[in-house]
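Have a look at the structure below before the remarks.
There are 4 protein chains.
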Amino acid sequence: MLPADLVQRLERAVAEAAPLMVAERRDFHHYAETGWTEFRTASLVARRLVDLGLGLQVGREVVDGESRMGVPAAETLAAQWERACAQGGDAEFLEVGRGGFTGVVGILRRGPGPTVGLRFDIDALDLEESLEESHRPAAEGFVSVNRGATHACAHDGHAALGLGVARVLATLDDALQGTVKLVFQPAEEGVRGAKSMVVAGAVDDVDAMLAVHLYSGWPTGQVALGRGNFMATDKFDAYFTGEAAHAGGRPHGGRNALLAAATAVLNLHAIPRHRDGPTRINVGRLVAGQGRNVIPPSAHLMIETRGATSALNDYVRESAESILAAAAAMYGCKLEIRAMGAARSAESDPALVERVNQVVAAIPGLSVRDPGPGGGSEDYTYMMRRVQERGGLAAALGMGADLGGWGHHTANFDFDEAALPLAAQLLVTTVLTLMRDPLA
Amino acid sequence: MLPADLVQRLERAVAEAAPLMVAERRDFHHYAETGWTEFRTASLVARRLVDLGLGLQVGREVVDGESRMGVPAAETLAAQWERACAQGGDAEFLEVGRGGFTGVVGILRRGPGPTVGLRFDIDALDLEESLEESHRPAAEGFVSVNRGATHACAHDGHAALGLGVARVLATLDDALQGTVKLVFQPAEEGVRGAKSMVVAGAVDDVDAMLAVHLYSGWPTGQVALGRGNFMATDKFDAYFTGEAAHAGGRPHGGRNALLAAATAVLNLHAIPRHRDGPTRINVGRLVAGQGRNVIPPSAHLMIETRGATSALNDYVRESAESILAAAAAMYGCKLEIRAMGAARSAESDPALVERVNQVVAAIPGLSVRDPGPGGGSEDYTYMMRRVQERGGLAAALGMGADLGGWGHHTANFDFDEAALPLAAQLLVTTVLTLMRDPLA
Amino acid sequence: MLPADLVQRLERAVAEAAPLMVAERRDFHHYAETGWTEFRTASLVARRLVDLGLGLQVGREVVDGESRMGVPAAETLAAQWERACAQGGDAEFLEVGRGGFTGVVGILRRGPGPTVGLRFDIDALDLEESLEESHRPAAEGFVSVNRGATHACAHDGHAALGLGVARVLATLDDALQGTVKLVFQPAEEGVRGAKSMVVAGAVDDVDAMLAVHLYSGWPTGQVALGRGNFMATDKFDAYFTGEAAHAGGRPHGGRNALLAAATAVLNLHAIPRHRDGPTRINVGRLVAGQGRNVIPPSAHLMIETRGATSALNDYVRESAESILAAAAAMYGCKLEIRAMGAARSAESDPALVERVNQVVAAIPGLSVRDPGPGGGSEDYTYMMRRVQERGGLAAALGMGADLGGWGHHTANFDFDEAALPLAAQLLVTTVLTLMRDPLA
Amino acid sequence: MLPADLVQRLERAVAEAAPLMVAERRDFHHYAETGWTEFRTASLVARRLVDLGLGLQVGREVVDGESRMGVPAAETLAAQWERACAQGGDAEFLEVGRGGFTGVVGILRRGPGPTVGLRFDIDALDLEESLEESHRPAAEGFVSVNRGATHACAHDGHAALGLGVARVLATLDDALQGTVKLVFQPAEEGVRGAKSMVVAGAVDDVDAMLAVHLYSGWPTGQVALGRGNFMATDKFDAYFTGEAAHAGGRPHGGRNALLAAATAVLNLHAIPRHRDGPTRINVGRLVAGQGRNVIPPSAHLMIETRGATSALNDYVRESAESILAAAAAMYGCKLEIRAMGAARSAESDPALVERVNQVVAAIPGLSVRDPGPGGGSEDYTYMMRRVQERGGLAAALGMGADLGGWGHHTANFDFDEAALPLAAQLLVTTVLTLMRDPLA
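Chains as they are written, first to last, in our numbering: chain E, 8 to 447; chain G, 8 to 447; chain V, 8 to 447; chain R, 8 to 447.
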């Protein structure tokens with residue numbers, strides 16, 4: 008698909024970038040930062056993109072403040088920002104990200120031609136990483152020093168991959184015919200960040216959009232095209248506020264927020280199936296009450312809904328809101344609902360998928376695999392939908408990075424770093440191909 | 008307390024009345040009629056009171072139509088009225104009771120002096136009477152011919168007792184110094200009738216009010232003074248109306264009245280205890296839905312609340328109403344609540360109780376017993392409260408009528424008819440004593 | 008597909024049979040009989056098949072007693088049987104069906120060749136038919152005289168269609184090359200009957216099995232091939248038995264079957280969705296308790312589960328059984344579960360569907376339509392699965408019979424009788440085609 | 008009741024002790040320690056009792072290790088012990104209390120005569136004390152330095168009162184005729200400590216047992232005799248352990264501990280009232296689940312039951328255990344129940360109450376008040392019952408210490424220290440009276 012000499016140059020560039028990707032991945036892992044607090048990570052990404060000669064959009068340019076969801080409290084933001092300063096973030100770009108504006112877009116504009124967007128998510132999870140000897144990051148000294156935050160979903164790899172791709176593309180500068188946008192997105196966990204970058208217009212000019220996700224459970228080098236069918240989803244918190252009373256002396260007093268919450272939980276899970284397709288509801292966490300002998304005056308529920316389409320998700324979310332309101336009314340409680348995240352349903356465009364398919368076939372070490380059943384959600388879908396709505400094409404890819412053992416979102420998660428150069432080669436080859444032979 | 012000769016006359020009159028009381032009790036038992044359909048019973052009571060020379064108030068004079076609760080459907084009233092005509096009711100007074108106005112008050116006014124009221128309830132229960140050989144009414148030919156209606160709470164005895172008391176008082180006419188009102192009340196079961204007689208003013212002029220209830224579980228002749236502590240109560244039906252849908256083809260359709268009802272049932276039973284005293288809640292019956300494969304479009308709940316005081320009962324009823332409303336809202340159902348019965352809390356006046364205590368002590372064959380714990384309800388309490396609010400005194404009595412065996416409200420219930428003359432003697436003696444030596 | 012002269016003969020035979028089909032449909036409608044009580048209907052079907060010269064299998068030959076589900080009580084069976092005798096059933100075959108053995112199979116065996124099975128269900132619904140003037144059966148004198156039973160799902164048409172097909176086939180006797188089995192099945196409503204005919208072996212020798220269902224909501228003549236995706240289903244009743252107590256006097260007494268049932272209802276509806284495909288759960292009806300002031304000692308739930316596959320249905324049914332058992336244990340209640348109906352998931356074989364497709368194309372007045380979404384269940388699936396498991400092919404068809412207005416299972420349901428000859432032509436043509444050009 | 012000169016000496020001794028009581032109360036307040044971690048408090052109490060010449064029983068002598076309930080984790084005990092060392096505890100007695108053995112008994116044995124026991128509880132609450140200027144402890148520098156622990160129920164006053172009483176009794180040494188036991192009890196909050204001292208035999212030889220509780224809500228000097236009717240109570244935690252699963256990808260997976268818990272919560276609150284008297288149930292706190300998109304694998308409920316009698320409490324607790332077990336079974340969860348506290352019902356002996364009544368009447372500044380309704384629980388009841396079961400008498404007293412404003416168990420709680428000498432005078436006078444004129 009590409010001239011043989013270009014392929015050779017590309018392979019060389021990838022080989023040179025590979026050790027750097029591993030090093031950067033381990034650095035990001037070591038200083039894991041969760042959604043909207045990726046101050047250090049984002050600042051270093053921005054610094055390196057600049058150093059590589061890319062154009063840059065950062066902070067409020069690419070993150071719409073109002074559209075952010077699930078932003079931590081101001082004190083938390085401030086404390087984590089201080090921590091980022093202390094842990095070697097880049098001073099100039101730390102300032103830009105302050106307050107939770109940790110999105111970065113690197114731009115390589117080389118003459119006329121299509122604009123290809125690549126998205127990389129960069130945040131860690133709220134999870135205490137394992138310190139066991141058998142856990143490689145612990146054994147080899149790059150376990151998260153930010154206890155309670157862990158890169159257990161490979162976004163450290165995604166961030167490093169984005170920098171690796173930037174490096175390779177910078178090397179092949181003369182071979183580009185069009186524009187590449189490298190979109191580094193904060194707060195994918197909880198599907199909180201993509202919408203704000205879309206609203207800020209970060210992908211408005213993209214003709215073809217791609218993202219790849221590494222999976223530790225698939226053999227390294229296997230590529231899932233049009234990965235999964237993403238379900239639309241809403242993440243929200245419900246707060247019931249009642250009134251406390253002494254359970255022995257005034258059992259009839261107060262307004263029992265736990266009874267309201269328990270009623271809500273049962274009825275939320277009883278929201279009927281919908282004829283038109285799969286839906287989901289989960290109350291993942293409930294914290295209610297104070298002391299044993301106090302009528303519980305408060306309850307906090309963490310809820311998510313999903314639907315195979317946005318309409319189905321709306322059906323579940325609206326049913327849930329009715330149930331919550333009625334449960335609160337039943338016990339005279341005040342109800343507050345706070346949006347904490349959202350993603351849309353989306354499907355990869357067949358033409359773009361087919362193009363990637365051809366690229367995979369041409370790269371030794373890569374092969375195609377079935378993406379498996381759906382059920383998951385991704386806020387990359389906001390970007391896919393925006394690009395598709397404006398006439399472009401979008402696709403989501405998965406790539407195996409097997410290390411045996413632990414699943415995503417577990418304390419011992421790790422992945423095979425050999426997947427990083429493979430993924431870089433896949434993305435850069437696809438970019439070049441799309442520039443030489445644009446789709447539609 | 009009374010002159011010896013008067014006592015002797017009284018005893019003779021009671022002895023003469025005794026076989027008639029048994030006969031009339033068995034007649035009422037044979038033609039059992041449930042609340043608001045006591046057409047035959049009430050018409051015969053009225054006829055006999057007139058025949059004995061008593062003054063009479065009947066029908067709408069003593070039953071306020073709007074205040075009646077739990078009145079059967081018009082067709083039922085019509086059908087039972089036809090039945091009463093066919094079963095030998097008195098034509099004149101059947102006409103008066105038509106449509107469910109089956110209260111009767113007999114009045115003996117003999118010169119100045121206090122007005123003493125005696126209340127007798129006359130309705131049967133919705134219950135299929137036993138036809139077993141061992142059941143005396145079946146063996147001796149006075150089992151209820153009105154299948155589905157049974158005198159299983161001794162109100163047949165109360166009605167006959169009222170007539171016996173009228174007969175004895177008529178005989179002792181010259182010994183009276185004041186007025187006696189014999190109040191025959193419909194629809195005590197479900198506490199549906201007393202309020203309507205109180206609203207109609209039937210006891211407004213009463214200075215001292217008494218009622219006696221026969222109990223098959225206590226030895227014959229034992230008298231409980233200030234029987235029980237009546238709990239205030241509300242009986243009401245709740246109807247949820249949702250919308251049907253095919254459970255397979257449109258699972259998300261309709262509005263599920265059964266889910267609303269099930270949510271209500273659990274939360275109704277979870278209404279907290281009250282610090283200030285005993286309360287009760289019961290959903291005695293729930294009927295919901297149509298076919299197996301249809302989202303249930305309707306649910307009907309039969310509910311009762313109780314409280315040691317009217318305030319406590321109000322607390323439970325109001326909590327219940329909130330819960331029902333919220334449960335309906337949760338599933339988009341319409342809610343209708345219909346009052347089906349009510350009684351107040353009430354306590355017997357110590358001075359009147361003490362007077363009865365003295366009477367009991369003076370009558371051979373009678374003795375005092377403990378009334379036992381409360382928990383029950385009686386709409387006689389409406390009369391007690393009205394009399395007390397207007398400055399009079401009121402008391403509730405219980406009398407043993409032991410026949411071994413079956414409890415109240417069972418298909419084999421029967422009682423010892425030897426209690427009838429004992430009760431008549433107790434009541435008439437008390438009336439005479441109150442006239443000769445009025446309380447306050 | 009067929010020789011022109013055969014087509015002409017066929018069309019003539021159908022035209023002759025058409026008025027008879029209408030008359031027989033209206034007769035069955037007039038004397039509607041519900042599942043397992045189709046004594047009159049089945050006896051007349053059997054008589055007419057014999058008169059047409061078909062071989063016959065009836066009663067226990069084609070209905071396995073143990074495998075019947077949801078059979079009415081013995082008294083009901085006896086009463087309906089007497090009614091059938093009075094309403095002109097055939098004496099000989101009434102005797103055969105006595106006790107609920109109302110299946111009939113007519114057989115035309117004409118030389119070697121494939122065995123084609125056609126299934127017709129014959130039972131009515133538990134529903135009170137409309138007597139409104141605007142309802143044609145009422146206006147034209149064939150409304151159901153068996154009040155409470157109504158043919159509101161066109162099974163009267165199916166039964167008449169089966170006889171019409173028999174009549175046409177008997178006329179074309181010489182054109183047959185193989186065997187035709189006309190399977191008249193009782194108790195399809197509630198999916199209670201097919202299994203018993205399958206267990207009795209009624210379709211064991213069938214090579215190609217077809218059934219057609221008339222739908223009033225589709226334009227007459229439109230044919231859905233491979234109609235719907237039938238969900239597997241279980242229908243069962245759950246009985247909780249607790250213990251009564253007086254709600255006022257012994258609130259802590261008894262064992263509350265309604266609380267157990269309400270807990271079960273909420274948790275049944277909360278059975279989680281399954282990743283692998285659509286599922287359903289419904290508690291269509293709940294009756295609990297006795298009197299308002301009695302702790303409810305009993306509860307009866309009518310439940311159904313569904314799944315896109317039998318495995319998915321098993322998942323829901325097993326979850327439901329666990330929940331019911333735990334809810335009973337929670338309140339010390341006894342639990343009894345009674346199977347009331349069942350159907351399997353099934354899919355039509357593409358090859359057979361394609362054959363019908365060709366037949367539809369060749370018949371003027373017929374056209375193909377989309378079967379629409381699934382969600383429904385049919386116990387014809389037992390026959391499909393049996394035939395498929397033994398190496399044969401099976402398919403389910405739908406045919407429009409539009410009359411405007413009312414849906415299936417409503418009191419005013421009616422259908423366009425012009426669909427009857429169209430359906431007969433479709434089935435007979437398919438049979439002849441399958442005999443001349445067998446599939447695999 | 009006492010000789011005038013003895014009264015004068017007593018008054019002088021109390022007046023001398025008063026400022027010390029205030030100082031010690033403020034010291035204990037400043038270094039508030041919660042149940043089983045009263046290392047500093049107990050060690051200083053013990054040291055001062057020894058210094059006053061009292062005999063001493065401490066640590067495992069008076070605290071049975073196995074009978075302690077709700078003991079904090081070993082690390083917490085260790086950390087708080089280190090803190091107590093750093094905050095000036097008495098080295099010798101710190102060693103004795105190590106590991107949570109913080110009970111102390113001081114003994115004054117003066118010749119033959121009755122043994123009078125006085126109980127003082129010494130633990131603080133888990134509560135963050137107010138730092139507002141309007142809060143006296145904050146304004147005057149004795150606010151709790153142990154953040155998260157606060158004396159918001161006056162046990163600091165009780166401890167200081169015990170030392171004051173010891174000081175006064177030591178002064179009046181020659182007037183004693185019998186034995187006084189001053190019982191300083193840990194962990195009254197949560198009713199966790201008394202049982203262990205009773206099992207260790209600390210009150211086995213007591214003839215008359217008294218305790219006084221200060222109440223900020225009553226006017227200073229008002230004394231409630233036979234304070235409250237203590238309800239029997241059980242405090243316990245329930246842990247449901249299920250299994251996590253991804254809510255989007257495996258909605259049917261896992262075992263949902265939150266659904267089990269919500270079902271339990273509703274049904275626990277629905278435990279029926281009991282005819283025989285007041286009962287209580289409360290789920291004061293529920294924490295369930297992990298992340299929003301994970302089927303909750305765990306739930307922790309903090310529960311308490313109460314009953315006017317131990318039998319009634321047993322009824323509720325046993326019902327609760329059944330419900331919890333069934334709810335766990337419903338969702339295939341493991342259930343663990345841990346006892347966290349318990350108290351018995353108890354009533355004060357009228358003879359002892361009457362004696363205190365006489366003492367109150369003789370002391371200027373004291374008066375009697377109504378103890379008000381019950382509903383509360385106290386593990387002092389274990390001591391009352393033990394003394395009563397061994398033939399002694401016991402009573403519980405309350406004394407007003409009004410400061411306006413905040414209630415017990417709130418962050419701003421404070422009390423009127425003028426109550427301390429009044430309480431000391433009441434207790435010492437009662438002790439002397441009981442020695443001079445023993446009760447039966």
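Quick reminder that beta carbons are idealized off the backbone N, C-alpha and C, glycines included.
Residue span of the alpha helix (DSSP H) that contains Q87 (chain G), given as start and end: Working through the second sequence from its first residue, we reach residue 87 (chain G) at position 80. Where Q87 (chain G) is concerned, the enclosing alpha helix (DSSP H) starts and stops at 81-93.
Best match in G:T417, G:G77, G:V70, G:P26 for proximity to V301 (chain V) [C-alpha to C-alpha]: The residue given as residue 301 (chain V) occupies position 294 in the third sequence. Considering only alpha carbons, the answer is G:T417.
Residue interval of the alpha helix (DSSP H) (run including M337 (chain R)): The count along the fourth sequence starts at 1 and reaches residue 337 (chain R) at position 330. Per DSSP, the continuous alpha helix (DSSP H) segment holding M337 (chain R) begins and ends at 317-337.
Contained beta strand (DSSP E) runs [length at least 3] in the segment 271-303 of chain E, N- to C-terminal order: Whole beta strand (DSSP E) segments, 3+ residues: 286-296.
Cβ distance (whole Å) where M391 (chain R) is taken to contact A430 (chain R) below 8 Å: In the fourth sequence, residue 391 (chain R) corresponds to position 384, counting from 1. In the fourth sequence, residue 430 (chain R) corresponds to position 423, counting from 1. The pair is not a contact, with the Cβ atoms about 19 Å apart (cut-off 8 Å).
Residues, ordered as in the chain, of the segment 228-261 of chain V that lie near chain E by beta-carbon distance below 7 Å: Against chain E - using a Cβ distance shorter than 7 Å - the segment 228-261 of chain V contributes no residues.
Minimum Cβ-Cβ distance from L275 (chain G) to chain C less than 8 Å: No chain C appears in the structure shown, which is made up of the protein chains E, G, V and R.
Below-8 Å beta-carbon distance, T437 (chain E) vs any chain G residue: Counted from its first residue, the first sequence places residue 437 (chain E) at position 430. Output row for T437 (chain E): interface = no.
C-alpha distance - R105 (chain G) paired with D58 (chain G), whole-angstrom precision: Counting from one through the second sequence, the residue named residue 105 (chain G) turns up at place 98. Counting from one through the second sequence, the residue named residue 58 (chain G) turns up at place 51. Here the alpha carbons of D58 (chain G) and R105 (chain G) stand approximately 21 Å from one another.
Contact set between R280 (chain R) and chain V, taken where Cβ atoms lie within less than 9 Å: Translated into positions along the fourth sequence, residue 280 (chain R) becomes position 273. Result: P258, H259.
Three-state secondary structure assigned by DSSP to L429 (chain R): Your numbering for residue 429 (chain R) matches position 422 in the fourth sequence. Three-state result, L429 (chain R): helix.
8 Å Cβ cutoff, L293 (chain E) in contact with chain G: For the purposes of this step, residue 293 (chain E) is taken as residue 286 along the first sequence, with counting starting at 1. So, not an interface residue.
Beta-carbon proximity of V366 (chain E) to M8 (chain E), cut-off 8 Å: Taking the first sequence and counting its residues from 1, one reaches residue 366 (chain E) at position 359. Taking the first sequence and counting its residues from 1, one reaches residue 8 (chain E) at position 1. Their beta carbons are under 8 Å apart, which means V366 (chain E) touches M8 (chain E) by this criterion.
For S74 (chain V), the three-state DSSP class (helix, strand or coil): Counted from its first residue, the third sequence places residue 74 (chain V) at position 67. In this structure, S74 (chain V) counts as helix in the three-state DSSP scheme.
Interface flag, I302 (chain R) vs chain E, CB-CB below 8 Å: Counted from its first residue, the fourth sequence places residue 302 (chain R) at position 295. Chain E contact via Cβ: present.
Residue span of the beta strand (DSSP E) that contains M216 (chain R), given as start and end: For this step, residue 216 (chain R) is matched to residue 209 along the fourth sequence. Counting along the chain, the beta strand (DSSP E) containing M216 (chain R) begins and ends at 215-222.
Candidates R:I288, R:R16, R:M28: closest to E424 (chain R) by CA position: In the fourth sequence, counting from the first residue as 1, residue 424 (chain R) sits at position 417. Nearest in C-alpha terms to E424 (chain R), of all of R:I288, R:R16, R:M28, is R:M28.
Which of helix, strand or coil DSSP assigns to T227 (chain V): The residue given as residue 227 (chain V) occupies position 220 in the third sequence. Coil.
Ordered list of alpha helix (DSSP H) runs contained in the segment 337-384 of chain R, each at least 4 residues: Counting whole runs of 4 or more residues, the segment 337-384 of chain R contains the alpha helix (DSSP H) stretches 357-369.
Stretch pair the segment 240-251 of chain V + the segment 243-255 of chain E: three plus CB contacts closer than 8 Å: Output reads no: the segment 243-255 of chain E does not touch the segment 240-251 of chain V.
Boundaries (first-last residue) of the alpha helix (DSSP H) holding E449 (chain E): In the structure as shown, chain E begins at 8 and stops at 447. Residue 449 (chain E) is therefore absent and cannot be evaluated.
Listed by chain order, chain V residues near R143 (chain E) by CB distance under 8 Å: The count along the first sequence starts at 1 and reaches residue 143 (chain E) at position 136. Correct list: empty, because the minimum Cβ distance to chain V is about 31 Å.
Cutoff 8 Å: A201 (chain E) Cβ touching any chain R Cβ: Locating residue 201 (chain E) in the first sequence gives position 194, where the first residue counts as 1. So no, A201 (chain E) is outside the interface.
Reduced DSSP category for E311 (chain E) - H, G, I as helix; E, B as strand; rest coil: For the purposes of this step, residue 311 (chain E) is identified with residue 304 of the first sequence, where counting begins at 1. Looking at E311 (chain E) - three-state DSSP - the assignment turns out to be strand.
Where S355 (chain R) meets chain E, residues with beta-carbon distance less than 8 Å: Position 348 of the fourth sequence, counted from the start, is the residue given in the question as residue 355 (chain R). Within 8 Å Cβ-Cβ: nothing; S355 (chain R) doesn't reach chain E, min ~18 Å.
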